[in-house]
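Everything in the sequence shown is counted per this note's numbering, starting at 270 for the first residue and increasing by one.
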Amino acid sequence: MKLLTATSLTQGDLPGDFCFATQGELVWLGEVCARDRADLDGGCGCGRAFAGLTSRRATTTAVVAELDLSYDDLRAQVAEGFERSGFTPAVLDPLDFTELAEETADEMLHIARIWPVGTVVGRRLDNVHRRRPLPPGMTLEEMLRRLSPLP
Numbered sequence: 270m271k272l273l274t275a276t277s278l279t280q281g282d283l284p285g286d287f288c289f290a291t292q293g294e295l296v297w298l299g300e301v302c303a304r305d306r307a308d309l310d311g312g313c314g315c316g317r318a319f320a321g322l323t324s325r326r327a328t329t330t331a332v333v334a335e336l337d338l339s340y341d342d343l344r345a346q347v348a349e350g351f352e353r354s355g356f357t358p359a360v361l362d363p364l365d366f367t368e369l370a371e372e373t374a375d376e377m378l379h380i381a382r383i384w385p386v387g388t389v390v391g392r393r394l395d396n397v398h399r400r401r402p403l404p405p406g407m408t409l410e411e412m413l414r415r416l417s418p419l420p
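Now the structure itself:
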């Protein structure tokens with residue numbers, strides 16, 4: 270299935286770019302604070318960043334990747350990510366927690382299905398936009414190899 274993953278591709282193309290998330294981890298549209306809603310470019314950055322599901326760190330760039338996951342796997346990873354951040358079924362009613370994990374997984378799938386694999390995207394509040402496609406003929410794996418430091 271196609272999903273967004275953290276990437277450093279195109280970092281630096283826009284002022285204020287940052288990538289603290291782990292390369293390749295699943296990302297989602299985290300909540301946006303009041304400061305960013307009031308001033309997107311002068312706030313904390315959460316309104317223009319994707320949230321890493323595992324690291325809980327942010328990145329202003331994500332890439333559409335084809336991952337070998339089932340929907341149940343995705344939903345479980347979302348639920349685990351929420352629980353790691355302290356948002357557990359004990360905080361919310363267990364049924365509401367399950368529903369939130371499913372809604373988040375659905376949103377992640379919906380966003381990624383719009384673009385072809387390898388497309389780098391950015392975020393502005395609730396809008397996700399294409400930043401740059403991969404060069405013609407280049408695969409995502411080839412681009413990531415080029416970005417990786419040599420052993």
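Beta carbons: idealized from backbone N, C-alpha and C, even for Gly.
Closest Cα partner of Q280 within the set I383, D310 and G391:
Here residue 280 refers to the residue found at position 11 when the sequence shown is read from its first residue. Closest option to Q280, Cα to Cα, is G391.
So what does R317 bridge to, in DSSP terms?
Walking along the sequence shown from the start, residue 317 turns up at place 48. Paired residues: none, contrary to the question.
Nearest to R326 (by Cα), restricted to the options R344, G293 and G311
Counted from its first residue, the sequence shown places residue 326 at position 57. Ranking R344, G293 and G311 by Cα distance to R326 puts G293 first.
By how many angstroms is the C-alpha of T367 removed from the C-alpha of W384?
The residue you call residue 384 lines up with position 115 of the sequence shown. The residue you call residue 367 lines up with position 98 of the sequence shown. Computed Cα separation, rounded: 28 Å.
For R325, three-class secondary structure by DSSP
Residue mapping note: residue 325 aligns to position 56 of the sequence shown, counting from 1. Of the three classes helix, strand and coil, the one that applies to R325 here is coil, per DSSP.
Between the Cα of T328 and those of L378, W297 and D375, spot the shortest distance and give me the residue it belongs to.
Locating residue 328 in the sequence shown gives position 59, where the first residue counts as 1. The residue with the shortest Cα to Cα distance from T328 is W297.
Backbone CA spacing between T276 and G321 [nearest angstrom]:
The residue labelled residue 276 in the question sits at position 7 within the sequence shown. The residue labelled residue 321 in the question sits at position 52 within the sequence shown. One C-alpha to the other measures close to 10 Å.
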